[in-house]
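S.K.: Read left to right, the sequence shown gives residues 16 to 297 (our numbering).
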Amino acid sequence: MFLVQLLNGITWSAILFLMASGFYMLFGLMRIINMAHGSFYMFAGYITAALTLTVGFWIGLLVGVVSIAIIGVLIYVGLLKSLHKQDLKQLLLTFGLIYVFLDITQWLWHGQVLFPFKPDILDGSARFLGIIYPIYQLIIIAIVIIIGAALWLIQDKTKLGAIIRAGVDDEEMVRGLGINLAPIFLGAFALGAALAGFAGGMGAVFTGAYLGIDTEILTLGLIIVVIGGLGSLQGAMLGSLLIGLADTLGKAYLPDFASFTIFTVMVLVLVFRPSGLLGKQT
Numbered sequence: 016m017f018l019v020q021l022l023n024g025i026t027w028s029a030i031l032f033l034m035a036s037g038f039y040m041l042f043g044l045m046r047i048i049n050m051a052h053g054s055f056y057m058f059a060g061y062i063t064a065a066l067t068l069t070v071g072f073w074i075g076l077l078v079g080v081v082s083i084a085i086i087g088v089l090i091y092v093g094l095l096k097s098l099h100k101q102d103l104k105q106l107l108l109t110f111g112l113i114y115v116f117l118d119i120t121q122w123l124w125h126g127q128v129l130f131p132f133k134p135d136i137l138d139g140s141a142r143f144l145g146i147i148y149p150i151y152q153l154i155i156i157a158i159v160i161i162i163g164a165a166l167w168l169i170q171d172k173t174k175l176g177a178i179i180r181a182g183v184d185d186e187e188m189v190r191g192l193g194i195n196l197a198p199i200f201l202g203a204f205a206l207g208a209a210l211a212g213f214a215g216g217m218g219a220v221f222t223g224a225y226l227g228i229d230t231e232i233l234t235l236g237l238i239i240v241v242i243g244g245l246g247s248l249q250g251a252m253l254g255s256l257l258i259g260l261a262d263t264l265g266k267a268y269l270p271d272f273a274s275f276t277i278f279t280v281m282v283l284v285l286v287f288r289p290s291g292l293l294g295k296q297t
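(1) Quick one: complete alpha helix (DSSP H) runs, 4+ long, within the segment 194-248?
(2) From Gln-249, Asp-271, Val-240, Tyr-268, pick the residue whose C-alpha is nearest to that of Met-281; which is it?
(3) Is Arg-190 helix, strand or coil by DSSP?
(4) Using the Cα positions of Asp-185 and Arg-288, report the straight-line distance between them to the nearest angstrom.
(5) I think Ile-232 touches Gly-53, with their Cβ atoms under 8 Å apart; what is that distance to the nearest whole Å?
(6) If I measure Cβ to Cβ from Val-128 and keep anything under 8 Å in the same chain, skipping five residues before and after, which residues do I get?
(7) Jot down the residue ranges of each uninterrupted alpha helix (DSSP H) in the segment 149-177, minimum 4 residues, whole runs only, in chain order.
(8) Give, in chain order, every unbroken run of the alpha helix (DSSP H) that is at least 4 residues long and sits entirely within the segment 29-77.
(9) Could you please give the first and the last residue of the uninterrupted beta strand (DSSP E) stretch that includes Phe-143?
(10) Express the C-alpha separation of Tyr-148 and Pro-131 in angstroms, rounding to a whole number.
(11) Classify Ala-165: buried if its beta carbon has 16 or more other beta carbons within 10 angstroms, exposed otherwise.
(12) Touch check for the segment 29-42 and the segment 247-254: three-plus C-beta pairs under 8 Å?
(13) Can at least three beta-carbon pairs, one atom from the segment 192-200 and one from the segment 134-149, be found at a separation below 8 Å?
(14) Distance check for Gln-152 and Leu-28, CA to CA, integer angstroms please.
(15) Return helix, strand or coil for Leu-4, following the three-state DSSP convention.
(16) How would you call Ser-97, buried or exposed, if buried means at least 16 neighbouring beta carbons within 10 angstroms?
(17) Helix or strand or just coil, what does DSSP make of Leu-293?
(18) Going by C-alpha to C-alpha distance, which of Leu-117, Ile-179, Ala-51 sits closest to Leu-95?
(19) Report the residue from Gly-145, Ile-62, Thr-279, Leu-22 whose alpha carbon sits nearest the alpha carbon of Ala-211.
(20) Leu-31 and Ile-258 look like a contact to me (Cβ under 8 Å); what is the Cβ gap, rounded to whole Å?
(21) Mind checking if Ala-141 is an interface residue toward chain C, Cβ cutoff 8 Å exclusive?
(22) Report the residue from Gly-215, Arg-180, Ile-154 whose alpha carbon sits nearest the alpha carbon of Ile-83.
(23) State the beta-bridge partners of Leu-129 as determined by DSSP.
(24) Considering only the alpha carbon of each residue, which of Ala-65, Thr-67, Gln-105, Leu-175 lies closest to Arg-46?
(25) Which residue wins for smallest C-alpha separation from Gly-18, given the options Phe-272, Leu-260, Gly-227?
(26) Checking 8 Å against the spacing of the C-beta atoms, do Gly-87 and Ala-181 come in under that value?
(27) On the criterion of 16 or more Cβ atoms from any shown chain inside 10 Å, does Val-92 qualify as buried, or is it exposed?
(28) Should Thr-279 and Asn-23 be called a contact, given that it needs their Cβ atoms to be closer than 8 Å?
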């Protein structure tokens, strides 16, 4: 039983990392506060679930991810780009977008709870270590490991990652070198939104798509970024693992204190590491 719950916690941690990594790119890397990031997760989940009955899971997931990436680009170009380094205005604007997404979702799907149907190829179980576990959730873990490694390589080992980090720290210097940051920041925002959309589509299979999951997942994403440390992708990975396990094991073994376990982890981390697990002292 414990091994099953442990794997459930790792699976949930993988979904949270997808969500938190997108939020990390916007908030921790680009210094853009997007409180509607959880709405991307919810909206992608609804799109994927609604389309699985007609076009299948994979196409539904692809449409959901691409749709959220396009919506993210439109929000960035139309609203957030002009509010660069204006944190309070970004916060208020994107907080208002939460209600816009809620109303659109209510209008389109009437507040129903939707679950995407898994493809037949992933609708089985694997037997190992004396347990039977869904293949779909094992695939999620494997995919997220690959995505995490790719993001780390892009950020720390490529010229593009260096330009993004330098552009956030000293934009004028980078522009003085003749580098056009506009398309790079636009692509980074689209990627962050797409990661939230991918998390929403994949995660909706076992959490469902419902009104309110946007704020729930946003809260967890904020906690992960804070305890992991701003500007640290590896911190987001570790924070996702801690929060995912605390959330899952807390609900399994201490259901009356499930929320308490999450915030206990956050408090303990911030008491001993105020800048986060792998964050830089500022």
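From the three backbone atoms N, C-alpha and C, an ideal C-beta is built for every residue, glycine too.
M.R.: Inspection of the coordinates gives the following:
(1) Correct list: 196-222, 228-243.
(2) If we check each option's Cα against that of Met-281, Val-240 comes out closest.
(3) Secondary structure of Arg-190 (DSSP, three-state): helix.
(4) Asp-185 and Arg-288 have their alpha carbons spaced roughly 26 Å apart.
(5) Indeed they touch by this definition, with Cβ atoms about 5 Å apart.
(6) Hits under 8 Å: Gly-223, Ala-224, Tyr-225.
(7) Note on the segment 149-177: whole alpha helix (DSSP H) runs with a minimum of 4 residues are 150-172, in chain order.
(8) Within the segment 29-77, the runs of alpha helix (DSSP H) at least 4 residues long that lie entirely inside it are, in chain order, 52-70.
(9) That run of the beta strand (DSSP E) goes 140-143.
(10) Here the alpha carbon of Pro-131 sits roughly 19 Å from the alpha carbon of Tyr-148.
(11) An exposed status is given to Ala-165, since fewer than 16 other beta-carbon atoms sit within 10 Å of its beta-carbon.
(12) Yes: at least three Cβ pairs fall under 8 Å.
(13) No, because fewer than three Cβ pairs between the segment 192-200 and the segment 134-149 fall closer than 8 Å, the two stretches do not touch.
(14) It should be pointed out that residue 28 corresponds to Ser in this sequence rather than to Leu. Each residue's alpha carbon lies about 11 Å from the other.
(15) Look at the range of the chain in this structure, 16 to 297, and you will see that residue 4 is not part of it.
(16) Classification of Ser-97: exposed, given that the 10 Å Cβ count is below 16.
(17) In the three-state DSSP reduction, Leu-293 falls in the coil class, being neither helix nor strand.
(18) Of the listed residues, the one whose Cα sits closest to Leu-95 is Ala-51.
(19) With respect to the C-alpha of Ala-211, the residue from Gly-145, Ile-62, Thr-279, Leu-22 having the closest C-alpha is Ile-62.
(20) Right, the Cβ-Cβ distance comes to about 6 Å (below 8 Å), so this counts as a contact.
(21) In summary, chain C is missing from the structure at hand, where a single protein chain is found.
(22) Ranking the options by Cα distance to Ile-83, first place goes to Gly-215.
(23) DSSP lists Ala-224 as partners of Leu-129.
(24) Taking the Cα of Arg-46 as reference, the smallest distance to any Cα among Ala-65, Thr-67, Gln-105, Leu-175 is reached at Gln-105.
(25) It should be pointed out that residue 18 corresponds to Leu in this sequence rather than to Gly. Relative to Leu-18, the option among Phe-272, Leu-260, Gly-227 whose CA is nearest is Leu-260.
(26) No.
(27) Exposed is the label assigned to Val-92, since fewer than 16 other Cβ atoms lie within 10 Å of its Cβ.
(28) Going by beta carbons, Thr-279 and Asn-23 fall outside the 8 Å limit.
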